[in-house]
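Numbering (this note's numbering), first residue to last: 296 to 650. Backbone N, C-alpha and C define an ideal beta-carbon position, used for all residues, glycine too.
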Amino acid sequence: MSFNLDKLIRPSVKNLKPYASARHEFTGEAEVFLDANENSFGSPADEVLHRYPDPYQTDLRLKLAEYKGVNPENIFFGNGSDEPIDLLMRAFCRPEMDNIITQPPTYSMYGICAAVNEVEDKKVLLHADFQPNVPALKTAVNENTRLLFFCSPNNPSGNLMKREAIIELLEMQKFIVVVDEAYIDFSDEPSFIHDIEKYPNLAVMQTFSKAWGLAAARLGVLYADKNIIQVLNKIKPPYNISLNTQNSGLKALAAKDVALAKLQQIKEQRTFLQTELVKIPQVKHIYPADANFLLVRFPDADKLYAYLTSKGIVVRNRSKEIHCDNCLRITVGTEDENQRLINELARYFSGFINK
Ligand SMILES: *Cc1c(COP(=O)(O)O)cnc(C)c1O
Numbered sequence: 296m297s298f299n300l301d302k303l304i305r306p307s308v309k310n311l312k313p314y315a316s317a318r319h320e321f322t323g324e325a326e327v328f329l330d331a332n333e334n335s336f337g338s339p340a341d342e343v344l345h346r347y348p349d350p351y352q353t354d355l356r357l358k359l360a361e362y363k364g365v366n367p368e369n370i371f372f373g374n375g376s377d378e379p380i381d382l383l384m385r386a387f388c389r390p391e392m393d394n395i396i397t398q399p400p401t402y403s404m405y406g407i408c409a410a411v412n413e414v415e416d417k418k419v420l421l422h423a424d425f426q427p428n429v430p431a432l433k434t435a436v437n438e439n440t441r442l443l444f445f446c447s448p449n450n451p452s453g454n455l456m457k458r459e460a461i462i463e464l465l466e467m468q469k470f471i472v473v474v475d476e477a478y479i480d481f482s483d484e485p486s487f488i489h490d491i492e493k494y495p496n497l498a499v500m501q502t503f504s505k506a507w508g509l510a511a512a513r514l515g516v517l518y519a520d521k522n523i524i525q526v527l528n529k530i531k532p533p534y535n536i537s538l539n540t541q542n543s544g545l546k547a548l549a550a551k552d553v554a555l556a557k558l559q560q561i562k563e564q565r566t567f568l569q570t571e572l573v574k575i576p577q578v579k580h581i582y583p584a585d586a587n588f589l590l591v592r593f594p595d596a597d598k599l600y601a602y603l604t605s606k607g608i609v610v611r612n613r614s615k616e617i618h619c620d621n622c623l624r625i626t627v628g629t630e631d632e633n634q635r636l637i638n639e640l641a642r643y644f645s646g647f648i649n650k
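Now the structure itself:
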């Protein structure tokens, strides 16, 4: 059996003649730009922002391709990761007809995007150790399944998904397997981006929001076979990545050594937090982490959450999520931030009997 992407594309998208912007249509050399109704007198803001940006982010694409060792035509940039998630949904899922599969507890945007697009979200729960339930996934799949999401490392649990599980679903070759690797840089295991050569039904999402520290810039990346990328390019808003954002991405890549040093610090601080948390007898469980956060089980997460908030420390209360009873998700901060958290926990639990 071989994968047929064409069969998965919504007919409306397949038949679509995409919007051709001024900068799409003209590709030669020119000095006088009177084609796009821009303000030729420039902007009152400091930066040179009066021209529309490159719709295909060529400079950034080439630099990222070189850094990652992938082909530039296998890269798609989104306004955060949320944009590619939504575009995948709109390109491949017919409303009220097709379905996606997600694996709770996981990132909620997949389900939200599906709901907005009136696409069924078939939920197949992860096991209690947050690994995929492969037989249940295979049972859930049907002829209308278009996208299957693996979040690896998973949010909120922090663990990497077993590679063989992802491969097993990829090899079915009937739908697109999306591997969300927002946190992969914090893991020591390899990314799936080099597997796109082998699997035309694989889409790997990464982001500049976490390891690259550019959450405010909104820059998500999707790596996939060029046929998938072409479909996304066809339906994306023409200028989806601002010039400021493209430049921020370029600056980050140019300073990759600084980024790697910070990454190393985050990993050290993750170990520090783990070491300190283990010493607190009331801490019930610290889940293994391949990400820049820890999922930690406490005796009463709601009360502790309220206490920490009252002390000006905000963590994420995930205790209502499946398999996450009494769990808080704690982002690894700076040394100072982490020490303040640990101090507050120590203070809180020293008077625990009265709480
Ligand atoms: C943070 C995060 C993202 C990144 O989202 P952006 O829109 O790129 O900021 C993607 N997936 C998961 C699971 C995340 O936790």
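Whether S614 touches A596 by CB criterion (7 Å): Start at 1 with the first residue of the sequence shown, and residue 614 comes out as number 319. Start at 1 with the first residue of the sequence shown, and residue 596 comes out as number 301. Result yes, Cβ atoms of S614 and A596 sit closer than 7 Å.
Would you kindly check if the distance between the Cβ of R356 and the Cβ of P339 is under 7 Å? For the purposes of this step, residue 339 is taken as the residue at position 44 of the sequence shown. For the purposes of this step, residue 356 is taken as the residue at position 61 of the sequence shown. In this structure, R356 does not lie closer than 7 Å to P339 by Cβ.
Rounding to the nearest angstrom, what Cα-Cα distance links Y351 and E639 in this structure? The sequence position of residue 351 within the sequence shown is 56, counting from 1. The sequence position of residue 639 within the sequence shown is 344, counting from 1. Y351 and E639 have their C-alpha atoms spaced approximately 48 Å apart.
Hey, out of G375, V308, P583, G508, whose CA is closest to P390's CA? Locating residue 390 in the sequence shown gives position 95, counting from the first residue. The shortest Cα separation from P390 among G375, V308, P583, G508 belongs to V308.
Identify whether Y518 lies in helix, strand or coil by the three-state DSSP scheme. Locating residue 518 in the sequence shown gives position 223, where the first residue counts as 1. Shown here, Y518 sits in a strand according to DSSP, grouped into three states.
For F644, which of L603, N439, D552 has the nearest alpha-carbon? On the sequence shown, position 349 is the one that residue 644 refers to. Relative to the Cα of F644, the nearest Cα in the group L603, N439, D552 belongs to L603.
Local conformation of H319 per DSSP, three classes: As a first step, residue 319 must be located in the sequence shown, where it is residue number 24. Helix at H319.
Along the chain, where does the alpha helix (DSSP H) that runs through N535 open and close? Here residue 535 is taken as the residue at index 240 of the sequence shown, counted from 1. Counting along the chain, no alpha helix (DSSP H) covers N535, and no H or E run does either.
Could you tell me if K650 is buried or exposed, where buried requires 16 or more neighbouring beta carbons within 10 angstroms of its beta carbon? Along the sequence shown, one-based indexing puts residue 650 at 355. Summary for K650: the model assigns pLDDT 48, below 50, so the residue's position carries little reliability; its value from the coordinates is reported in the next sentence. The residue in question, K650, is exposed, as its Cβ has fewer than 16 Cβ neighbours within 10 Å.
Just tell me which of V419, V411, A435 has its CA closest to the CA of Q617. On the sequence shown, residue 617 is found 322 positions in, with the first residue counted as 1. Rather than Gln, the amino acid found at residue 617 in this sequence is Ile. I617 has its Cα closest to that of V419, out of V419, V411, A435.
Short check: CB of D416 to CB of T397, under 7 Å? If you number the sequence shown from 1, residue 416 lands on position 121. If you number the sequence shown from 1, residue 397 lands on position 102. T397 sits close to D416, with the two beta carbons spaced by under 7 Å.
Taking 7 Å as the threshold (C-beta atoms), are F593 and I625 in contact? Working through the sequence shown from its first residue, we reach residue 625 at position 330. Working through the sequence shown from its first residue, we reach residue 593 at position 298. Cβ atoms of I625 and F593: not closer than 7 Å.
Residue range of the alpha helix (DSSP H) that includes R356: For the purposes of this step, residue 356 is taken as residue 61 along the sequence shown, with counting starting at 1. In the DSSP annotation of this structure, the continuous segment of the alpha helix (DSSP H) that includes R356 starts and ends at 353-363.
Roughly how many angstroms separate the alpha carbons of E630 and Q564, rounded to a whole number? As a working mapping, residue 630 is identified with position 335 in the sequence shown. As a working mapping, residue 564 is identified with position 269 in the sequence shown. Distance between E630 and Q564, taken at the CA atoms: about 6 Å.
Are the CB atoms of A584 and W507 within a distance shorter than 7 Å? For the purposes of this step, residue 507 is taken as residue 212 along the sequence shown, with counting starting at 1. For the purposes of this step, residue 584 is taken as residue 289 along the sequence shown, with counting starting at 1. A584 is positioned such that its CB atom lies no closer than 7 Å to that of W507.
Within the present structure, is the beta-carbon of N450 separated from the nearest heavy atom of ligand 1 by less than 6 Å? On the sequence shown, residue 450 is found 155 positions in, with the first residue counted as 1. N450 Cβ: within cutoff of ligand 1.
Just grab the DSSP bridge partners of Q559 for me. By one-based count along the sequence shown, residue 559 stands at place 264. The partner list for Q559 (beta bridge, DSSP) is empty, contrary to what the question assumes.
In chain order, what residues of the same chain lie with their CB nearer than 8 Å to the CB of E378, ignoring the 5 residues before and after it? Mapped onto the sequence shown, residue 378 falls at position 83. Excluding sequence neighbours, E378 sits near G515, K531, N535.
On the DSSP letters alone, give me the boundaries of the beta strand (DSSP E) that C446 sits inside. The residue labelled residue 446 in the question sits at position 151 within the sequence shown. Per DSSP, C446 is one residue of the beta strand (DSSP E) stretching across 440-446.
So, with DSSP's three-state summary, where would you put Q541? Numbered from 1 along the sequence shown, position 246 holds the residue referred to as residue 541. Here DSSP, grouped into helix, strand and coil, assigns Q541 to helix.
So, for E333: in the same chain, excluding its five sequence neighbours on each side, which residues have a beta-carbon less than 6 Å away from its beta-carbon? Within the sequence shown, residue 333 is the residue found at index 38, counting from 1. For E333, the CB contacts under 6 Å within the same chain, skipping 5 residues up- and downstream, are H345, R346 in chain order.
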